[in-house]
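Visitor:
2 protein chains.
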Amino acid sequence: MSSVETLQARPAPSAGRRTFNVAIVGATGAVGVELMGCLERRDFPVGELKLLASARSAGKTLTFRGRPVAIEALTPESFQGVDFALFSAGASISREFAPHAEAAGCVVVDNSSAFRMAEGVPLVVPEVNPQALARQAPLVANPNCVAAIAVMALQPLHAHNPLTRVIGATYQSASGAGAAAMAELEASTAAQLAGEAYEPKVLPHPYAFNLFSHNAAVDPASGYNGEELKAMEEIRKIMSTPDLRLSFTCVRVPVLRAHSMALTVEFERPVTPAEAREWLSAAPGVRVVDDAANNHFPMPNEASGRDEVLVGRIRQDLGDPSGRTLSLFAVGDQLLKGAALNAVQIAEALVAAR
Amino acid sequence: MSSVETLQARPAPSAGRRTFNVAIVGATGAVGVELMGCLERRDFPVGELKLLASARSAGKTLTFRGRPVAIEALTPESFQGVDFALFSAGASISREFAPHAEAAGCVVVDNSSAFRMAEGVPLVVPEVNPQALARQAPLVANPNCVAAIAVMALQPLHAHNPLTRVIGATYQSASGAGAAAMAELEASTAAQLAGEAYEPKVLPHPYAFNLFSHNAAVDPASGYNGEELKAMEEIRKIMSTPDLRLSFTCVRVPVLRAHSMALTVEFERPVTPAEAREWLSAAPGVRVVDDAANNHFPMPNEASGRDEVLVGRIRQDLGDPSGRTLSLFAVGDQLLKGAALNAVQIAEALVAAR
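Those protein sequence lines, which keep their order, are chains Y and V. With my numbering applied, the first sequence has no gaps in its numbers, which climb one by one up to 360 at the end. With my numbering applied, the second sequence has no gaps in its numbers, which climb one by one up to 360 at the end.
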């Protein structure tokens with residue numbers, strides 16, 4: 007979905023509505039492009055849009071609501087007059103520039119890992135913990151993509167029957183490593199199909215028709231990689247379940263933009279698949295796709311470009327005779343619910359609370 | 007690896023050694039081709055090789071040990087004078103023709119699911135349960151590929167500290183659905199890269215840069231699919247652990263020929279990753295690939311064309327404070343240890359026992 011294609015069919019924001027000036031930091035990245043798309047598509051009341059990126063991209067233009075917007079080089083002074091700054095340019099950029107944005111009176115929604123676990127920083131998935139926004143913090147953190155997608159499937163269950171343990175195995179797409187990784191997946195696959203050699207440049211391992219343990223560094227003490235540890239601690243923070251027992255295995259698969267995960271979910275009390283289906287069907291932002299007769303379950307190609315997290319394969323875990331464990335499979339667009347959509351939803355909730 | 011490439015470098019069987027006439031049923035399939043390769047590469051004492059397939063393929067030739075072998079149409083009379091018949095043409099062909107092979111005095115090694123769970127039929131992974139071959143049954147079943155690869159990683163652990171529960175999520179390659187599925191993965195991926203439409207013919211869902219729940223039919227009672235149920239019951243039979251609590255989620259990923267799996271393994275007593283690494287390092291047919299510093303773990307591209315099952319990501323499960331659970335990741339070539347290699351290893355063990 008390009009922003010150019012969608013904008014001409016969309017109305018401009020209602021006349022007379024209060025608008026907010028918005029900056030996107032990392033406008034040229036995979037998430038930056040989707041942030042523009044979400045603002046447009048969801049008719050966020052954008053007054054002025056400021057596109058910020060590295061000096062390398064400055065001067066190029068992107069199109070928003072049918073009009074060209076020039077990309078500016080990010081500087082400490084970029085945030086004057088900005089109401090919301092949506093950061094998606096990595097943790098070090100956030101650490102350096104978010105304080106400047108805050109000093110300029112701007113509310114930061116940060117898609118990086120820089121502040122997610124900081125005391126007092128709300129880490130929010132609006133369908134799950136909107137109450138965390140009540141504090142009117144100057145900075146709200148947008149979760150890791152695995153955490154954001156997982157809690158969409160877990161919270162509606164937890165609300166009815168508390169969870170005690172979750173085991174997750176992920177099938178993560180290239181988009182989580184950015185636009186360059188998506189391009190590398192396509193280029194290396196084309197090379198392999200043509201019988202040509204390809205030297206990986208973005209990811210550490212060959213990606214064509216291959217998979218590998220997530221490329222985040224492995225913590226020598228625990229053996230878990232950074233992606234797994236992030237997902238686990240963030241799920242606990244978002245769900246306010248500090249004692250939830252978690253183990254994730256994060257794997258990069260040759261898929262372009264939606265993340266999948268097999269979840270084994272243990273509850274405090276016995277539970278049935280029918281109950282879980284009912285709870286998930288009623289949850290905003292979730293779509294149950296669980297058609298056993300036609301072998302039709304959540305798939306990345308059907309989750310891509312879509313706001314909802316798809317959940318299916320809901321069944322009683324045959325390995326737990328106590329009847330307290332379910333297995334399920336969830337898929338969500340990493341660039342949307344796993345990043346840009348959730349950030350714009352946070353901004354929407356902040357606007358609604360004003 | 008084509009059989010043509012390897013055979014010229016290989017010696018013919020030692021002169022004077024006792025030889026056995028071997029038939030391959032399903033010689034033109036993905037596994038059939040690998041069966042020829044394994045017989046050649048492992049210098050199995052083949053006397054006459056008979057290649058059997060459907061009438062459609064009859065008359066074509068394949069090359070074995072540098073000589074052309076004509077493919078014959080499979081008939082009830084095909085097994086006269088044959089010592090070992092290696093079946094890999096699906097369960098219905100095995101059900102129809104294995105009795106003819108047995109009647110002709112031939113020992114059947116069957117790669118299909120037809121007889122695996124039948125009472126009295128040994129289901130064998132030679133590194134795991136060679137004792138099951140002692141019975142000299144006329145038919146030995148070769149396990150489902152997930153089961154064969156999983157038990158290679160599980161049995162060396164179980165032998166030292168009994169397993170009580172295993173949760174598995176698989177990342178299965180195209181080869182498990184045959185040569186046509188491998189071709190469909192390549193063709194549909196090429197089409198997507200070229201921006202062209204592709205209608206799936208072999209698998210039920212789009213496969214290019216996509217994944218989906220395993221295409222085996224779903225059991226309406228349990229919600230598990232046929233692949234998951236097979237893997238679970240076969241693991242219990244091979245390991246002689248009828249009470250082992252199991253749950254598998256089987257997923258088809260866009261990888262060509264090696265199957266991966268994330269395994270959460272619960273033991274009777276507390277266990278450490280160092281112990282597991284030691285036990286697995288000593289296990290025949292297993293290779294520990296667990297280099298956290300370089301983020302180098304088992305991957306399909308390194309398991310493909312290789313006999314060993316690769317095991318890594320061995321770590322204490324942070325979700326089990328009792329210290330009785332490990333997480334690990336195993337990858338094995340579906341066509342080799344998951345099919346052809348294991349079948350030839352069974353035949354080798356039968357020859358050695360004669």
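Glycine included, C-beta positions come from ideal geometry on N, C-alpha and C. Here the structure is a predicted model, which means the values were calculated and not measured.
(1) Residues of chain V with a CB under 8 Å from the CB of L262(Y): which are they?
(2) If we define contact as Cβ-Cβ less than 8 Å, is Y177(Y) a contact residue for chain V?
(3) Give the residues of chain Y in contact with I241(V), contact being defined as C-beta atoms less than 8 Å apart.
(4) Might you give, ordered along the chain, the residues of its own chain that have their beta carbon closer than 7 Å to the beta carbon of A359(Y), omitting 5 neighbours on each side?
(5) Going by CA-CA distance only, name the one from L92(Y), G65(Y) and L332(Y) that's closest to R229(V).
(6) Establish whether the CB of A153(V) and some CB of chain Y are separated by less than 8 Å.
(7) Run through chain Y and tell me which residues come within less than 8 Å of R258(V), C-beta to C-beta.
(8) By DSSP, does A102(V) sit in helix, in strand, or in coil?
(9) Of all the options A223(V), A264(V), H164(V) and R258(V), which has the alpha carbon lying nearest to the alpha carbon of Y213(V)?
(10) Look at the Cβ atom of M188(V), then the Cβ atom of A180(V), and state whether they are nearer than 8 Å.
(11) Return yes when at least one heavy atom of the ligand NAD lies under 7 Å from the C-beta of E314(Y), else no.
(12) Tell me which same chain residues have a C-beta within less than 6 Å of the C-beta of V208(Y), skipping the five on either side of it?
(13) Ordered along the chain, which non-local residues of its own chain (more than five positions away) have a Cβ less than 7 Å from that of P132(Y)?
(14) Hey, does F335(Y) have any beta-carbon neighbour from chain V nearer than 8 Å?
(15) Would A345(Y) pass as a contact of N135(Y) if the rule is Cβ separation under 8 Å?
(16) Give me the Cβ distance between Q340(Y) and C151(Y), rounded to the nearest whole Å; I'm assuming they're in contact under 8 Å.
(17) Return yes when the Cβ of N307(V) is within less than 8 Å of the Cβ of N216(Y), no when it is not.
(18) Could you compute how far the alpha carbon of G311(V) sits from the alpha carbon of R263(V)?
(19) Would you report the Cα separation of D89(V) and I77(V), rounded to the nearest angstrom?
(20) Just to confirm, are G318(V) and R251(Y) a CB contact at a threshold of 8 Å?
(21) Go through its chain and collect everything with a Cβ distance to F273(V)'s Cβ below 8 Å, but skip five positions before and after it.
(22) When the cut-off is 8 Å and only beta carbons count, does T255(Y) lie next to chain V?
(23) So, using beta-carbon positions, are A159(Y) and V292(Y) closer together than 8 Å?
(24) Going by other Cβ atoms of all chains shown within 10 Å of its Cβ, with 16 needed for buried, is G72(Y) buried or exposed?
(25) For a contact defined as C-beta to C-beta under 7 Å, what are the partners of H211(Y) on chain V?
(26) Give a yes or no on whether 8 Å exceeds the smallest Cβ distance from V10(Y) to chain V.
(27) Whole angstroms are fine: how far does the CA of R122(V) sit from the CA of L55(V)?
(28) Between the C-alpha atoms of A165(V) and G338(V), what's the straight-line distance to the nearest angstrom?
(29) Leaving out five residues on either side along the sequence, give the residues of the same chain with a beta carbon under 7 Å from the beta carbon of G87(Y).
(30) Would you please verify whether the beta carbon of V295(Y) is less than 8 Å from any beta carbon of chain V?
(31) For M267(Y), list the residues DSSP reports as bridge partners.
(32) So, at 8 Å on beta carbons, what are the nonlocal neighbours of A175(Y) in its own chain, with the 5 sequence-adjacent residues on each side left out?
(33) Using a Cβ-Cβ cut-off of 7 Å (strictly less than) and excluding sequence neighbours within five positions of L41(Y), which residues of its own chain qualify?
(34) Is the separation between the beta-carbon of V315(V) and that of A336(V) shorter than 8 Å?
(35) Identify which residue in Y204(Y), M238(Y), L334(Y) and I99(Y) has its Cα closest to the Cα of G32(Y).
(36) Name the chain Y residues that come within less than 7 Å of V224(V), Cβ to Cβ?
Guide: According to the structure data:
(1) The residue given as residue 262(Y) occupies position 256 in the first sequence. Simply F215.
(2) In the first sequence, residue 177(Y) corresponds to position 171, counting from 1. Y177(Y) counts as touching chain V.
(3) As a first step, residue 241(V) is located in the second sequence; it is residue number 235 there, counting from the start. Within chain Y, no residue comes near I241(V); the closest Cβ sits about 11 Å away, beyond 8 Å.
(4) Position 353 of the first sequence holds residue 359(Y). So the list reads L139, once near-sequence residues are dropped.
(5) Translated into the one-based positions of the second sequence, residue 229(V) becomes position 223. Here residue 229(V) turns out to be Gly, not Arg, going by the sequence shown. Answer by Cα proximity: L332(Y).
(6) Taking the first residue of the second sequence as position 1, residue 153(V) is located at position 147. Residue contact check for A153(V) against chain Y: no CB pair falls below 8 Å.
(7) Against the second sequence, residue 258(V) aligns to sequence position 252. Neighbours of R258(V) in chain Y, taken as residues at a C-beta separation under 8 Å, are lacking, since the least C-beta distance is about 10 Å.
(8) On the second sequence, residue 102(V) is found 96 positions in, with the first residue counted as 1. It is Glu, not Ala, that sits at residue 102(V) in the sequence shown. Helix.
(9) Reading the second sequence from its first residue, position 207 is the one you call residue 213(V). Nearest C-alpha to Y213(V): R258(V).
(10) Position 182 of the second sequence holds residue 188(V). Position 174 of the second sequence holds residue 180(V). Closer than 8 Å, so yes.
(11) As presented, the structure is devoid of all ligands, the ligand NAD included, so that no description of it is given.
(12) The sequence position of residue 208(Y) within the first sequence is 202, counting from 1. Sequence-distant partners of V208(Y) (beyond 5 residues in either direction) whose C-beta falls short of 6 Å from its own C-beta, in its chain, are A186, A187 and E190.
(13) Counting from 1 along the first sequence, the entry for residue 132(Y) is found at position 126. These residues qualify, in order along the chain: Q351, I352 and A355.
(14) The residue you call residue 335(Y) lines up with position 329 of the first sequence. Taking a beta-carbon distance threshold of 8 Å, F335(Y) counts as an interface residue toward chain V.
(15) One-based indexing of the first sequence puts residue 345(Y) at position 339. One-based indexing of the first sequence puts residue 135(Y) at position 129. Here A345(Y) is not near N135(Y), since their CB atoms are 8 Å or more apart.
(16) Locating residue 340(Y) in the first sequence gives position 334, where the first residue counts as 1. Locating residue 151(Y) in the first sequence gives position 145, where the first residue counts as 1. Going by Cβ atoms, the distance from Q340(Y) to C151(Y) rounds to 5 Å, so yes, they are a contact pair.
(17) Against the first sequence, residue 216(Y) aligns to sequence position 210. Against the second sequence, residue 307(V) aligns to sequence position 301. In this structure, N307(V) lies closer than 8 Å to N216(Y) by Cβ.
(18) Taking the second sequence and counting its residues from 1, the one referred to as residue 311(V) is at position 305. Taking the second sequence and counting its residues from 1, the one referred to as residue 263(V) is at position 257. A straight-line Cα-Cα distance of about 9 Å links G311(V) and R263(V).
(19) Working through the second sequence from its first residue, we reach residue 89(V) at position 83. Working through the second sequence from its first residue, we reach residue 77(V) at position 71. Near 18 Å, if we compare the C-alpha coordinates of I77(V) and D89(V).
(20) For the purposes of this step, residue 318(V) is taken as residue 312 along the second sequence, with counting starting at 1. For the purposes of this step, residue 251(Y) is taken as residue 245 along the first sequence, with counting starting at 1. No; because the gap between Cβ atoms is not below 8 Å, this pair is not in contact.
(21) If you number the second sequence from 1, residue 273(V) lands on position 267. Counting only Cβ-Cβ distances below 8 Å, and skipping sequence neighbours, we find L163, N167, P168, L169, T170, R330, T331 and L332.
(22) Counted from its first residue, the first sequence places residue 255(Y) at position 249. Chain V, which has a Cβ nearer than 8 Å to the Cβ of T255(Y), makes this yes.
(23) Here residue 159(Y) is taken as the residue at index 153 of the first sequence, counted from 1. Here residue 292(Y) is taken as the residue at index 286 of the first sequence, counted from 1. For A159(Y) and V292(Y), yes; Cβs fall inside 8 Å.
(24) Position 66 of the first sequence, counting from 1, holds the residue named residue 72(Y). Its Cβ having fewer than 16 others within 10 Å, G72(Y) is exposed.
(25) Here residue 211(Y) refers to the residue found at position 205 of the first sequence. Chain order gives the chain V residues near H211(Y) as M305, where near means a beta carbon separation below 7 Å.
(26) As a position in the first sequence, residue 10(Y) is number 4, starting the count at 1. For V10(Y), the predicted structure reports a pLDDT of 35, less than 50, and the residue's modelled location is therefore unreliable. A value from the coordinates is still provided. No Cβ of chain V is located within less than 8 Å of the beta carbon of V10(Y).
(27) In the second sequence, residue 55(V) corresponds to position 49, counting from 1. In the second sequence, residue 122(V) corresponds to position 116, counting from 1. When rounded, the separation of the alpha-carbon atoms in L55(V) and R122(V) is 25 Å.
(28) The residue given as residue 165(V) occupies position 159 in the second sequence. The residue given as residue 338(V) occupies position 332 in the second sequence. One C-alpha to the other measures close to 21 Å.
(29) On the first sequence, residue 87(Y) is found 81 positions in, with the first residue counted as 1. The residues are N27.
(30) Here residue 295(Y) refers to the residue found at position 289 when the first sequence is read from its first residue. By this cut-off, V295(Y) is not an interface position.
(31) By one-based count along the first sequence, residue 267(Y) stands at place 261. Looking at the DSSP assignment, M267(Y) forms a beta bridge with T176(Y) and A336(Y).
(32) Position 169 of the first sequence, counted from the start, is the residue given in the question as residue 175(Y). When the five nearest sequence neighbours on each side are left out, the beta carbons in the same chain lying within less than 8 Å of the beta carbon of A175(Y) are those of F254, T255, V257, M267 and A268, in order along the chain.
(33) To locate residue 41(Y), count along the first sequence from 1; it is residue 35. These residues qualify, in order along the chain: I30, L92, S94, A346, A349 and V350.
(34) Taking the first residue of the second sequence as 1, we reach residue 315(V) at position 309. Taking the first residue of the second sequence as 1, we reach residue 336(V) at position 330. The answer is yes: Cβ separation under 8 Å.
(35) As a working note, residue 32(Y) is residue 26 in the first sequence. For the residues Y204(Y), M238(Y), L334(Y) and I99(Y), the minimum Cα distance to G32(Y) belongs to I99(Y).
(36) Walking along the second sequence from the start, residue 224(V) turns up at place 218. Neighbours of V224(V) on chain Y, chain order: A298 and N301.
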